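Residue numbers (this note's numbering): 366 to 447.
All residues carry an ideal CB built from backbone N, CA and C; glycine is no exception.
Just so you know, these numbers come straight off a predicted model, no measurement behind them.
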């Protein structure tokens, strides 16, 4: 394994460092937005891409934009606990 979003599974990954470092969630949302723009321009349906963008936008709106993109794992953990 090269990467794991679960804290404590692998050393020296953002997940084991409070999701600090790595590729920020806000950049993932930006890139997904660019991909969606390209999809619209080419008249291509990308329902999963749209869902992913919406998830990251919501996650970032909760104050997680500076965290690594794998911090979305925390979102799912919190949903499970609710």
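Helix, strand or coil at residue i according to DSSP, with G and I counted as helix
i: residue 413; result: helix
i: residue 389; result: strand
Cα-Cα separation between residue i and residue j, rounded to whole angstroms
i: residue 400; j: residue 393; result: 10 Å
i: residue 404; j: residue 422; result: 18 Å
i: residue 375; j: residue 367; result: 9 Å
i: residue 427; j: residue 389; result: 14 Å
i: residue 406; j: residue 416; result: 18 Å
i: residue 414; j: residue 395; result: 12 Å
For residue j and residue i, believed in contact at Cβ under 8 Å, the rounded distance
i: residue 438; j: residue 370; result: 4 Å
i: residue 391; j: residue 425; result: 5 Å
*Does the stretch 373–390 come within contact of the stretch 427–435, defined as at least 3 CB pairs closer than 8 Å?*
yes
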